[in-house]
Every structure is written in C-alpha cells, then in structure tokens.
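One structure is given below, encoded as structure tokens.
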Amino acid sequence: MNLFYDPNLSGTSPLPCNSMLKPDESWHAAKVLRLRPGDDLRVTDGKGSLYHARLIKLDSKACEIEIYDVKKYEPPAYSIHLAVAPVKNMARFEWFLEKATEVGISEITPLICARSERISVRTERLNKIITSAMKQSLGMFHPTLNEPTGFKDFIKLSKASAKFIGWCETQTEPLLRDVCPPGRDVLVLIGPEGDFTAAEVQTAENAGFIPISLGKNRLRTETAALAACFIAHFVNGRI
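So for the sequence shown, the numbering used here puts the first residue at -18; every next one is plus one.
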C-alpha cells in the first residue's frame, strides 16, 4: 500500500471529492514511486482517518487525486509521552524518533536538563523523520513533537495520570514493567548521557513522578527511551 500524509484533509466533504497532494508528497508519488493516473493510493491525515483515493493527474509539484472512501481508526485507550534529553550525536536521537514512531508513540518532548550536552534541535527535520516513519509503518496517528522544554518548566506542565522518571544512580527503583498501569496515559522522563541530577529527580518526585528502572543494564539515552516505549505497549497487551 502506498501511504501518503496530509494533515489538512477533512472527512466532512461528500465523497467522491478531489484533492491535491502536498508538493513533497506529489514529488514522492511522481519521482520515487512513479505512479500513473488511475493508480490507487491511500492518504492519512495522521488523526485516525485513512482516505482511499486514485490518482487523477500526475504532477511532481501538485498531484490531483480523487477520494472515494474513508475509514476511521480509533486511537489506543492509552497514550505514551516520552520526554527525552537530546543526545550529543543527533543521529542517535533521530534513530530513536524513527523507531518509536514505528512502534507507536503519542508525543515526544526534547527535554533540556542540567547535564544536557545539546539544548536545541531542528524540529522541522525531526518532524520529517517522524512522518516518514509513520508512513513506512502504515500508522494512522502522527506523533506530536513538541519544542525543546526546560526540565523545571516541563515538570510544571505535565498532566499524565501515570508519571515516571528513569534514574541510573541507584538499583532500588521498581522496574517500569511492574508499575506501569495498563489503560492509562503514561509519561516517562529519560535523561541525558550524564543522567538526571539528584535535585532534578527530587523535583520530579515532588510533582508526583515515580523513579523507575528499565533493567539491570545501563542503557544509552535513546535505547532507554525506546525500551520505555516497548514496555508501555507490553503492559497494555499491544506487543
């Protein structure tokens, strides 16, 4: 299935109806997939709608399509929000975004911490990586990528019903798999290469976060974040 993405599609128009693919998606259809008029394709709005369409006019800048059917998908009963400190090697952080999107994640926030070695990211580039991974994995929901946020500011704004912070300093924290509740919105904080400071962990605890471990081995930041994503899905029976 050739899946395209257009967040501006609306399911309110009577079908069939015509629409235009975005320039980047049009280029992909014409130059990469080499589609021809009459070919079937699918377009998602990233909000749970899958549009069945056929190509009417091929143009590398603006392909015209006819939408003839739409299918609605329900989101999971739970959400996964990972607030992750961007790592020095940006390729590793991009790898995490790609794989987390393939597995299924609701929201990502680059978290700027006391020991962060990177305090800025190229949000536009990262969103393109997320979009590509969503299409490759045939996902119907586009993850939200927030702007980088400082640790203290983020803690004040967090609203998930189940909140956790990964910490490597001691071995006494419970495993995430044992305390992550099924069917609830989950937020997990993953720190930078130097980990969270004790003061940051205390601040998080005061705000209702539970310190957790992801296992016996010490994981890289991006690996720990992906592991947390897998664990949240596992306790919900999705993996």
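Note that the Cβ used here is the ideal one computed from N, Cα and C, for glycine as well.
So does the stretch 43 to 56 actually touch the stretch -8 to 8, counting three or more Cβ pairs closer than 8 Å?
-> yes
Where are the beta strand (DSSP E) runs, 3 residues long or more, that stay fully inside the stretch 90 to 158, in chain order?
-> Fully contained in the stretch 90 to 158 are the following beta strand (DSSP E) runs of length 3 or more, in chain order: 143 to 147.
Return the chain-ordered list of same chain residues with a C-beta closer than 6 Å to the C-beta of Glu83, the five sequence neighbours on each side being excluded.
-> As a working mapping, residue 83 is identified with position 102 in the sequence shown. Within the same chain, Glu83 has close Cβ partners Ala114, Ser118.
Do Leu168 and His9 come within 8 Å of each other at the CB atom, strictly closer than that value?
-> Counting from one through the sequence shown, the residue named residue 9 turns up at place 28. Counting from one through the sequence shown, the residue named residue 168 turns up at place 187. The answer is no: Cβ separation not under 8 Å.
Would you list the residues sitting across from Tyr32 in a DSSP beta bridge?
-> What you label residue 32 is simply residue 51 of the sequence shown in a count that begins at 1. Beta-bridge pairing links Tyr32 to Val24, Val51.
What separation, rounded to the nearest whole angstrom, lies between the Cα atoms of Ser87 and Met(-18)?
-> For the purposes of this step, residue 87 is taken as the residue at position 106 of the sequence shown. For the purposes of this step, residue -18 is taken as the residue at position 1 of the sequence shown. Each residue's Cα considered, the two are about 23 Å apart.
Rank Gly131, Ser60, Ala95, Arg106 by C-alpha distance to the C-alpha of Ala72 and give the top, closest one.
-> Translated into positions along the sequence shown, residue 72 becomes position 91. When each option's Cα is compared against that of Ala72, the closest is Arg106.
When the distance is taken between beta carbons, is Ala81 closer than 8 Å to Thr178?
-> By 1-based counting over the sequence shown, the position of residue 178 is 197. By 1-based counting over the sequence shown, the position of residue 81 is 100. No; because the gap between Cβ atoms is not below 8 Å, this pair is not in contact.
Cβ-Cβ distance between Ile146 and Val182 below 8 Å | Along the sequence shown, read from residue 1 onward, the residue named residue 146 stands at position 165. Along the sequence shown, read from residue 1 onward, the residue named residue 182 stands at position 201. Taking 8 Å as the cut-off, the beta carbon of Ile146 is found closer than this to the beta carbon of Val182.
Which one of Glu79, Asp176, Pro129 has the shortest CA to CA distance from Leu207?
-> Here the question's residue 207 lines up with position 226 in the sequence shown. For Leu207, the nearest C-alpha among the options comes from Glu79.
Host alpha helix (DSSP H) of Val216 (start-end) | For the purposes of this step, residue 216 is taken as residue 235 along the sequence shown, with counting starting at 1. 202 to 216 is the span of the alpha helix (DSSP H), which, as asked, contains Val216.
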